[in-house]
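Comments concern the structure below.
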Amino acid sequence: MNYDFKEIKKGEKHLEAYTFLDLYTTSDGESFQLYKKAGMRIEGIREAQDRLPSSLYIKRDDAIREVRMLQQEMNNELDRLMGQESPPVESTRVLIEDAIEVAADGLKELFQLNEKAPEKTAEVLGGIKNITESVVSKCFDDRIFLENMLTVARTDFNTFQHSIQVAMYAMVYSMHQGIVFRELQPLVLAAMMHDIGVVFLPEKTVQSTSKFSKDDYEQMQRHPKLGHEVLRDAFDDPRIARVSLEHHERLDGSGYPIGHNVLHEWSQLVGMIEVFDGMVGWRSYRAAPGPIEAIKVLVKMANNGEVSKPLVDAFCTSLVGKMIV
Ligand SMILES: [Fe+2]
Ligand SMILES: [Fe+2]
């Protein structure tokens, strides 16, 4: 696999931003898009990668640059919107709804791994999106939630998108398990804000585009406790803060920040999804291993006693209909 290029799938939301930044071109009929570096011949890229013309891919270095520019664009837009609203309900709603669309695209691909019922994908996905949106719209009554999500978006939109995806995976699992509706809202709140602690870390750590240095790693290990402190004081439901504190802990005590091994079930769920989403989503310093590899890692962690086997089994089943590794 060539790690110098990231393949961008058709319909990916970021395409719009890449268009805006003049980094790719479309055919006359817009039937395909191709990445181009300024001044570089498109054909050269295609031939070098031996890809179909429908593929769009972006060079790693350029993608990193784009991520930074997109963050700046996003912050400018947020500043503009927040200047118009108090509290900024509509701005946050738009941000979250866009992120839900991106997360739903990812889910669609995952569901297609379910060979038993691919035809049900659209129906199931529609249901999940509807329920997610209705749960999220209830969360909009909470001003602290709004402010927290905006702060995450301003700090690092990759973390923001990740937070929405984690919540959506948690919804899929919960609906599969038949968790009652009134429990979904606190779970979504907990999942969406589990990484709120990163907003207190140095920018260079949060937006790191290379493998973590020792210092970055130590900084990053602070975010569960920092998140816990914020959420403990802000929300009556103690589970919301607990998920933040425990989502990097492991059942065998090998996690951080404390090494606890008695973990709330939601912390276990979010912690497992954290690993999964980290491997499915692209990161600037490596290619995404993808869902099958991610499931293999979860199974390995379950075999090692780090995460619950029944939880991994139920999560994978909720996504792809059965255990596939
Ligand atoms: Fe985290
Ligand atoms: Fe996370």
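Each residue of the sequence shown is one higher than the one before, starting from 1279 at the first, in this note's numbering.
Just so it is clear, CB atoms sit at the ideal spot from N, CA and C, and this is done for glycine as well.
Residue environment, residue i, which counts as buried when at least 16 other CB atoms sit within 10 Å
i, result
"Val1450", "buried"
"Gly1549", "buried"
"Tyr1447", "buried"
"Glu1524", "buried"
"Phe1593", "buried"
"Asp1493", "exposed"
"Asp1530", "exposed"
"Ala1377", "buried"
"Ala1400", "exposed"
"Glu1584", "buried"
"Glu1527", "buried"
"Gly1505", "buried"
"Ser1545", "buried"
"Val1458", "exposed"
"Lys1415", "Correcting the residue identity first, residue 1415 is Ser in this sequence and not Lys. Per the 10 Å Cβ criterion, exposed."
"Val1540", "exposed"
"Gln1497", "buried"
"Phe1389", "buried"
"Gln1455", "exposed"
Distance CB(residue i)-CB(residue j) smaller than 7 Å
i, j, result
"Val1367", "Phe1418", "yes"
"Arg1520", "His1542", "yes"
"Asp1555", "Gln1443", "yes"
"Ile1409", "Ala1468", "no"
"Asp1383", "Pro1464", "no"
"Gln1499", "Tyr1534", "yes"
"Met1470", "Ala1431", "no"
"Pro1569", "Val1577", "no"
"Val1598", "Leu1403", "no"
"Ser1532", "Pro1502", "no"
"Val1466", "Val1413", "yes"
Element boundaries [alpha helix (DSSP H), containing residue i]
i, result
"Phe1593", "1587-1598"
"Phe1389", "1367-1389"
"Gly1404", "1399-1417"
"Glu1571", "1569-1582"
Residue ranges of each beta strand (DSSP E) within the region 1507-1561, 3 or longer
none
Is the region 1472-1485 touching the region 1579-1588 in the sense that three or more CB pairs, one from each, lie closer than 8 Å?
no
What are the uninterrupted segments assigned as alpha helix (DSSP H) that are 4 or more residues long and contained completely in the region 1423-1458, given in chain order?
1435-1455
Taking 8 Å as the cut-off, does the region 1437-1448 touch the region 1370-1385 (at least 3 CB pairs, one atom from each stretch)?
yes
4-residue-minimum alpha helix (DSSP H) runs that sit fully inside the region 1457-1506, ordered along the chain
1459-1470, 1481-1484, 1492-1498
I need the residues with a C-beta less than 5 Å from some heavy atom of ligand 3; please give them in chain order.
This structure simply doesn't include ligand 3; it includes ligand 1 and ligand 2 instead.
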